[in-house]
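Q:
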Amino acid sequence: MGTHLPFTCRDVEICAAALLDGQLSPAEEEMVGDHLEHCDACAGLIDALETQRLKPPRIKLIQDNDYWEEMDAVLQSELDRAEQEQQVIPRKTILLYAAILLLSLAWGWHQRQRAEHLERIVYTQQQTLEQLERISVPNPKGEWVETSEKAHTSYQPAKLEL
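Going by our numbering, the first residue of the sequence shown is number 1, and it counts up by one from there.
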């Protein structure tokens with residue numbers, strides 16, 4: 001034995017598949033080999049696993065060029081069909097988008113008309129207030145008295161800050 005720590009039976013059980021597949025490092029192979037020389041149970045385990053090892057089945061590769069040309073043709077036809085399906089937009093989808101667009105335009109036009117109407121109302125009220133202020137002014141007692149003089153005040157809408 002070398003100067004390295006000996007492998008236990010549990011270590012050999014863990015490394016058994018890697019040993020049979022040739023995936024252990026040289027140092028690990030040496031430690032497993034040292035253990036197998038002294039442990040008949042582990043050597044029997046490795047022998048049993050090796051006899052049960054399955055060989056991969058042999059697969060005959062298809063080398064016929066006609067087969068691959070036929071596969072390429074089928075693949076190309078599938079790709080062409082998929083491309084055509086992606087380009088066609090269903091009629092219902094187009095109608096839905098058109099309806100949404102028309103509703104959006106109508107709503108926007110309605111809101112613009114409403115805003116213009118409110119601006120006209122505000123302008124009319126502003127003109128009425130200015131006319132009323134020109135006609136009457138308060139006296140020192142707080143009573144409104146009609147006067148022919150023009151008042152020097154005009155309506156200024158308040159600006160609100162949010």
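Even glycine gets a Cβ: it sits at the ideal position worked out from N, Cα and C.
1) Which first and last residues belong to the alpha helix (DSSP H) in which Cys42 is found?
2) Three or more beta-carbon pairs under 8 angstroms between the segment 31-49 and the segment 2-21, yes or no?
3) Give me the residue from Leu36, Leu96, Tyr123, Gln131 with the minimum Cα distance to Val12.
4) Buried or exposed, going by whether 16 or more other CB atoms sit within 10 Å of the CB of Val122?
5) Exposed or buried, Val32, counting other C-beta atoms within 10 Å across all chains shown (16 or more means buried)?
6) Could you check what DSSP says for Val32 in three-state terms: helix, strand or coil?
7) For Arg58, collect the residues of the same chain with a Cβ closer than 7 angstroms to its Cβ; drop the 5 residues on either side in sequence, then sort them by chain order.
8) Would you grab the beta carbon distance between Leu20 and Leu49 for me? Rounded to a whole angstrom, and I think it's under 8 angstroms.
9) Mapping DSSP to helix, strand and coil, what is Asp60?
A: Short version:
1) 40-52
2) yes
3) Leu36
4) exposed
5) buried
6) helix
7) none
8) 6 angstroms
9) The sequence as given places Lys at residue 60; Asp does not occur at that position. In this structure, Lys60 counts as coil in the three-state DSSP scheme.
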